[in-house]
Structures are given as C-alpha cells and as structure tokens.
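Numbers 2 to 597, taken from our numbering, label the letters of the sequence shown in order.
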Amino acid sequence: MDHSRAHVLICAGTGCVSSGSKKVEAALSAELAKRGLEKEIKVIETGCHGFCEMGPVVIVYPEGVFYCRVQDTDVPELVESHLYKGRIVDRLLYKEPVSHEKIPNYNDITFYKKQMRKVLANCGHINPESIEDYIAVGGYEALGKALSEMTSEQVISELKKSGLRGRGGGGFPTGSKWEFTRNAPGEKKYVVCNADEGDPGAFMDRSVLEGDPHRIIEGMAICGYAIGADEGYVYVRAEYPLAIKRLRIAIKQAEQMGLLGDDIFGSGFSFRLKIKEGAGAFVCGEETALLASIEGKRGMPRPRPPFPAVSGLWGKPTNINNVETFGNVPQIITEGAEWYASIGTERSKGTKVFALTGRINNTGLAEVPMGISMREIIFDIGGGIPEGKKFKAVQIGGPSGGCLPEDLLDLPVDYDSLIQAGAMMGSGGLVVMDETTCMVDVAKFFLNFTQSESCGKCTPCREGTKRMLEVLTRITDGEGRPDDIELLEAMAKNIKTTALCGLGQTAPNPVLSTLRYFRHEYEAHIHDKRCPAGACTKLSGFSVTELCKGCSLCKKACPVQAISGEIKGRHVIDPEKCIKCGACVTKCPFKAIIKG
C-alpha cells in the first residue's frame, strides 16, 4: 500500500526529456533523500502531458499544482517551499499568454479546459513502464470483458455502432474494416498497428506509445480476438527510440501477466505481438508499403484491390489501424458504443488528437471532441498567435492536407467539413502560420517534402511532383511565368487522378488549397515580382526607416559591408550588395530595419 503524503509527477516524454526532465528527477530524488522525505513523497515518471511548450513539466499531487519549465536548479526551492512548508513556488507557475494570470492548478489552465482527453487520459498521469499503474486505472478490463462476455461478432458490432473512424487520415469506419478482415477466407490473420508517424510537426502516436503503451496493446489484442488473428505487429519508425523501449517493456510485462500469449484469461484465445522498426521512409505510412517493409522488402505501395483485409501481410488477411484508432478501442468496449457515439458530430464520432505547432503560443498535444471549431483549438487551447502577430492560415493534415485561411476559422473540425474545404483530417498535424508566412513558400515546403519522400514507383508522383516543385521554386525565385498558375493546377489534378497510392494522390493538396485561398500571393510573386509576406529572400530586401538613430550597430553587423551612414545619421542599405542575411535586423535596437 502506498502511504506517501504527496506524489510528484515528472514528465519523461521525449519533449521534456530533451529539455532536462531527467536532471530534474535526479535532483529531486537526491534532495528528498537529503531531507529524509523519500518515503513521504513519491516521485513518478510519466509520459507526455501534452503541454510541450512548457516542459519540463512537474505536477504535485494531491493539490494538482502545475509547475512548468522546471530545471534541476529549481529543485531545492521547490522541495523547501512546497513539499516541506506547503507554499506554492509562484515563479514556476504557468502564466496565461493573454491575461498573464498565473494559474496554480492543472485543471484550471486554459490549454486543458476545452480538451476532452480520452485517448490521452493516462498520458502524464501514470508510469508508462508500470503495468500495475495501467491496471489500477482500469487497464485490460476491456480485454477481459471482450473475452469473457462478448463474441467476436459482438465486439465488431459494438465498434460499428460507436461510429469510430480510422484516425490515420482516411477516416474509414473501423468496425467495417474489422468485419471485412474477419469474413475474409483463411485461418491465419494478422493485426498491424501503423505507428510510422512521418508528417512534419506530428507527434501524436509517439506520445501515446511513450505515455500509455498498454492501451495500444489492449486495443490490438481486442482486434485480434474480433477478427480471428493470433499475431500482431507494431510498425514504429526507428526515430522513436523511447516509444520503442517502453513498448518492449509493456509487451514483456503483459506476457508475464498472461495478458499476451496463450489462452488469455482462460478463454482459449491466444495473441502475440512483435515490433518492427521502420527506417523512416514517409511512404511506409501507406498501408501496402508498410506491409512490404514488415516482410523485409523495399517499402513501396502496390495497386489495390486486393485490399489488405483480403490479402495483406504475407498474403494473409490483415487489419491495419493507426495508434490513435487502437487507443479508442478499450474505452468503447468498457463504456459502450452509445457513450462514444454521444461525443462528436453525426458522421464524425469521438475525439481527435492534434499536434499544435508553428506560430502558436501553446505548442503541444490537444485532444478535442469532433466538431469543435478551428478557432477554439487555435485561440482558446493554443493561446493564439505570439508577439501580437495576425493569424494567416493553418495547415491541417500534414503534406496530404491543405491550408485554410482566417475566413474558415469557425469551420467545424470533422472529416466531411475539412474535405469540402480542400483539406483533410490526416493523422492530426496542425501547423499554424501568421502574417509573416508566405503561402507560396509553404506550398513549396510541403511539396519538397513529398517529392523527396516519393518512392518513385509511379510516374505521376515521381515526375509530376518534381515538375511542380520546379515551378514553385521558379515563382519564389522571382522568375514566375504568366501561365504558371494554370500549369500548377493542371499538373496537380493529373497527379491526384493517376498516382498509384494515397500519398501520391494527396501530394498536390497544399498547392491546390493555397491556390484556392491565397491565389493573390501567387499573382504578386509572378506579376509584381513581390512577396507580400516578405519571406522569399530573392523577392524581398531590407530598408532602413526613419526610426534609425545612427548607432551603426547594423553597419558593424553586416558581413558584406552593404550598409553605409554616419554616426547619428540615418543609414542606407545597398540592395546590390545586400545578401539578405538579416544580421542587421537582429542587431538594430530601435527596430528601424524592415523587410519587404
């Protein structure tokens, strides 16, 4: 029995570890031992709390006090003031970006208030390397219920009634996919978890695997029972070493407790899991390329049909879902389909996890009910745009998604609304951009990513994305041609209709969406030889305004002597010499140098 008077939860997800949480934990353990408090106060390593911008995160219970950006040097004061004397350390509290109010309690922070943490419920609150912690919060009850009280048909029926759709991007009904695999002929079947999270700015799957790996194991085991599979694979990219480590620990613990292996709960059902480490190819997020990679082949898509549900891994019926999809399964079985279907919209049930990145105050993970508006996610949960800048666009769905403008901030976030607007849910990457962002450059960035990640198997994707990238580069270099916009649209539509796999078919989406909503920026680049955002260096220069005081710091900082002027006199930048490095802007104390 735990007789501790306080629990100190320290985030040990990748984000917080990279900013020093391991040092904080070591310092805390040492300080508690020094004061003889190690038996009174329990230190617990957890997964990601989601508020990555504020890491390392430390939460003290039972009070629920949320401390952010804690360093090892802060530990003596934290122990002395809070854990010994019961006084909150004010300077380590979270401060709201707009009101600047300091919020002591975890539940009162705006970032968490509008969230509905279901898949992320345990992340940041249990030790991911302890199966006992998972069981203590109801872990493996769903598996027990499925094996002892439900037939495989009933499990699938419950999934179908819940309305759960795949969270990997396509949004295909999960229950129907499971049913197709169960009904496919053949005795040997497989369950595969797609954790090959490759979208720029996306880290949802990584955080779930790091913070709550047993939830995914349980979801996959329930799937195995439902479709008649005795074996499963978790395909994780090798760039996620902490996720892989914790998943291995979790699998071993589940095997030792008889929750994986032979005759689970005495039901006669057997299920085993293996981990396959991917080499980081973005195309392996596509299900047929992923299966080829597990088989030891080069990860390249193949034509469908046959679909994996009929002929997948080694030609056997295979069900593939991503991490978040499997993460929803246990709660649907324990709480019931009606409970789950009550969350979200008519055609998009449940919650969705988003990774908030880019020009936003509160970067991190947010789990929200389907149907919430983009405005609520960005301005309420995300805390708005930093430095008083104006919101310009949000890229949703990663390289396969689209950019949505300010006019669509009140758009409900669900599968159908996003597709109608020219974007898609994707796996949940959400990149926010402000007025300093060039939308042509954004389209070029994402297309450069998909072009370099193309497997090269089909001509439309291999050659088409390369030609599109050449046109975009030409435009951002100030060499755009009058017919470039029409050329981009024609190539994009051809690629969408002829590429072999879903990744190739959606590669032009960022270009098409920016053309749809920000066409004027393309026209300015092509016709006026001007970048409205001042972001394209070959179309933008620097100039000195009347705010210049003649301090000459900019002149000294310029590496090519492009700035001239006398002390206490207004300086001038020679556009012919200027290499647009921005050193002068950084050095100017009066903000007298502008770009554009």
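Where is the CB? At the ideal position from N, CA and C, for every residue including glycine.
- Task: Taking K581 and L554 to be in contact with their CB atoms under 8 Å, please state how far apart those CB atoms are, rounded to whole angstroms.
- Result: Counting from one through the sequence shown, the residue named residue 581 turns up at place 580. Counting from one through the sequence shown, the residue named residue 554 turns up at place 553. Taking a contact as a CB-CB distance under 8 Å, the pair K581 and L554 does not count as one, their CB atoms being some 18 Å apart.
- For the region 423-456, which segments carrying the alpha helix (DSSP H) assignment without a break, of at least 4 residues, lie completely within its bounds, in sequence order? 440-454, all fully within the region 423-456.
- Residue interval of the beta strand (DSSP E) (run including K596): Here the question's residue 596 lines up with position 595 in the sequence shown. Here the beta strand (DSSP E) through K596 covers 594-596.
- Mind checking N320: buried by the 16 CB within 10 Å criterion, or exposed? Counting from 1 along the sequence shown, the entry for residue 320 is found at position 319. By the neighbour-count criterion, in which 16 or more other beta carbons inside 10 Å mark a residue as buried, N320 falls on the buried side.
- For the putative contact between L504 and K458, defined by C-beta atoms under 8 Å, what is the C-beta separation to the nearest angstrom? If you number the sequence shown from 1, residue 504 lands on position 503. If you number the sequence shown from 1, residue 458 lands on position 457. At roughly 11 Å, the Cβ-Cβ gap does not stay under 8 Å, so L504 and K458 are not in contact.
- Task: Over the uninterrupted beta strand (DSSP E) stretch that includes C589, give me the two end residues.
- Result: On the sequence shown, residue 589 is found 588 positions in, with the first residue counted as 1. No beta strand (DSSP E) contains C589, which DSSP labels as neither H nor E.
- In this structure, does DSSP put K96 in helix, strand or coil? On the sequence shown, residue 96 is found 95 positions in, with the first residue counted as 1. In the three-state reduction of the DSSP assignment, K96 falls in the strand class, which pools E and B.
- Task: Output the boundary residues of the alpha helix (DSSP H) element that contains G328.
- Result: The residue labelled residue 328 in the question sits at position 327 within the sequence shown. Taken as a continuous stretch (DSSP letters only), the alpha helix (DSSP H) holding G328 covers 324-336.
- Task: Taking D478 as the reference, give the member of G430, F450, G542 with the closest Cα.
- Result: If you number the sequence shown from 1, residue 478 lands on position 477. Selected option, being the one with the closest Cα: G542.
- Check each candidate in A230, C285, Q332, G383 and name the one with the smallest Cα separation from A239. Residue 239 sits at position 238 when you count from the first residue of the sequence shown. Comparing alpha carbon positions, the residue from A230, C285, Q332, G383 closest to A239 is C285.
- Item | Those residues which DSSP pairs with F543 across a bridge | On the sequence shown, position 542 is the one that residue 543 refers to. Among the bridge pairs identified by DSSP, F543 is matched with K596.
- What is the DSSP secondary structure of P242, reduced to helix, strand or coil? By 1-based counting over the sequence shown, the position of residue 242 is 241. The answer is helix: DSSP assigns P242 an H, G or I state.
- Message: Buried or exposed, going by whether 16 or more other CB atoms sit within 10 Å of the CB of R6?
- Response: Taking the first residue of the sequence shown as position 1, residue 6 is located at position 5. Exposed: under 16 other Cβ atoms inside 10 Å.
- Query: How far does the alpha helix (DSSP H) with A290 in it reach, from first residue to last?
  - Reply: The residue labelled residue 290 in the question sits at position 289 within the sequence shown. Unbroken alpha helix (DSSP H) run through A290: 288-295.
- For A143, the nearest candidate out of N106, H215, E81 (CA to CA): Position 142 of the sequence shown, counting from 1, holds the residue named residue 143. Cα-wise, what sits closest to A143 is H215.
- Item | Bounding residues of the alpha helix (DSSP H) (the contiguous stretch that carries I486) | Counting from one through the sequence shown, the residue named residue 486 turns up at place 485. Unbroken alpha helix (DSSP H) run through I486: 485-499.
- Alpha carbon to alpha carbon, how far is D73 from W340? Give it in angstroms, no decimals. Here residue 340 is taken as the residue at index 339 of the sequence shown, counted from 1. Here residue 73 is taken as the residue at index 72 of the sequence shown, counted from 1. C-alpha separation (whole angstroms): 43 Å.
- In three-state terms, what does DSSP make of S131? As a first step, residue 131 is located in the sequence shown; it is residue number 130 there, counting from the start. The answer is coil: DSSP assigns S131 none of H, G, I, E or B.
- Query: For V432 versus V395, is the C-beta spacing smaller than 8 Å?
  - Reply: Residue 432 sits at position 431 when you count from the first residue of the sequence shown. Residue 395 sits at position 394 when you count from the first residue of the sequence shown. Their beta carbons are under 8 Å apart, which means V432 touches V395 by this criterion.
- Indicate whether I218 and A251 have their beta-carbon atoms separated by less than 8 Å. Taking the first residue of the sequence shown as position 1, residue 218 is located at position 217. Taking the first residue of the sequence shown as position 1, residue 251 is located at position 250. Yes; because the gap between Cβ atoms is below 8 Å, this pair is in contact.
- Give a yes or no on contact between the region 371-387 and the region 408-422, applying the rule of three or more CB pairs nearer than 8 Å. The answer is yes - the region 408-422 touches the region 371-387, with three or more Cβ pairs under 8 Å.
- Query: Exposed or buried, which one is A525 when buried takes at least 16 other CB atoms within 10 Å?
  - Reply: By one-based count along the sequence shown, residue 525 stands at place 524. With 16 or more neighbouring CB atoms inside 10 Å of its own CB, A525 falls in the buried class.
- Message: Am I right that A593 and C549 are in contact with their C-beta atoms under 8 Å? What's the rounded C-beta distance?
- Response: Translated into positions along the sequence shown, residue 593 becomes position 592. Translated into positions along the sequence shown, residue 549 becomes position 548. Confirmed, Cβ separation roughly 4 Å.
- Query: Which residues mark the beginning and the end of the alpha helix (DSSP H) in which I378 is found?
  - Reply: Here the question's residue 378 lines up with position 377 in the sequence shown. Counting along the chain, I378 sits inside no alpha helix (DSSP H), nor does DSSP assign it H or E at all.
- For E547, does the count of other Cβ atoms within 10 angstroms reach 16, so buried, or fall short, so exposed? Taking the first residue of the sequence shown as 1, we reach residue 547 at position 546. Taking a 10 Å sphere around the C-beta of E547, we find fewer than 16 other C-beta atoms and assign the residue as exposed.
- Query: Could you check where the alpha helix (DSSP H) with Q155 kicks off and where it finishes?
  - Reply: For the purposes of this step, residue 155 is identified with residue 154 of the sequence shown, where counting begins at 1. Boundaries of the alpha helix (DSSP H) around Q155: 153-163.
- Item | Three or more C-beta pairs below 8 Å linking the region 357-374 and the region 43-59 | Cβ pair count under 8 Å is three or more, so yes.
- Task: Look at the alpha carbon of V545 and the alpha carbon of K569, and state the distance between them as a whole number of angstroms.
- Result: As a position in the sequence shown, residue 545 is number 544, starting the count at 1. As a position in the sequence shown, residue 569 is number 568, starting the count at 1. Just so you know, the alpha carbons of V545 and K569 end up roughly 14 Å apart.
- State the Cα-Cα distance for the pair S19 and D200, rounded to the nearest angstrom. Start at 1 with the first residue of the sequence shown, and residue 19 comes out as number 18. Start at 1 with the first residue of the sequence shown, and residue 200 comes out as number 199. Going by C-alpha positions, S19 is about 20 Å away from D200.
- Task: State the start and end residues of the unbroken beta strand (DSSP E) segment that holds N195.
- Result: On the sequence shown, position 194 is the one that residue 195 refers to. Per DSSP, the unbroken beta strand (DSSP E) holding N195 starts and ends at 191-196.
- Query: Going by the CB atoms, is the gap between E46 and N106 shorter than 8 Å?
  - Reply: Reading the sequence shown from its first residue, position 105 is the one you call residue 106. Reading the sequence shown from its first residue, position 45 is the one you call residue 46. Judged by beta-carbon spacing, E46 lies beyond the 8 Å limit of N106, meaning their Cβ atoms are not closer than that value.
- Query: Does the beta-carbon of S294 have 16 or more other beta-carbons within 10 angstroms, so that it is buried, or is it exposed?
  - Reply: By 1-based counting over the sequence shown, the position of residue 294 is 293. When all chains shown are included, S294 counts as buried.
- Cβ contact (3+ pairs, closer than 8 Å) linking the region 188-198 and the region 305-319: Verdict: yes, contact present.
- Item | Boundaries of the alpha helix (DSSP H) in which V25 is found, first to last residue | Your numbering for residue 25 matches position 24 in the sequence shown. 22-35 is the span of the alpha helix (DSSP H), which, as asked, contains V25.
- Item | Inter-stretch contact at 8 Å, needing at least 3 Cβ pairs: the region 299-315 / the region 201-213 | With the cut-off at 8 Å, the region 299-315 and the region 201-213 do not touch.
- Which residues in the same chain as G481 place their Cβ atom closer than 7 Å to its Cβ, once the five residues preceding and following it in sequence are excluded? Taking the first residue of the sequence shown as position 1, residue 481 is located at position 480. Excluding its 5 nearest sequence neighbours in each direction, G481 has C-beta neighbours in its own chain below 7 Å: R475, H526, I527, listed in chain order.
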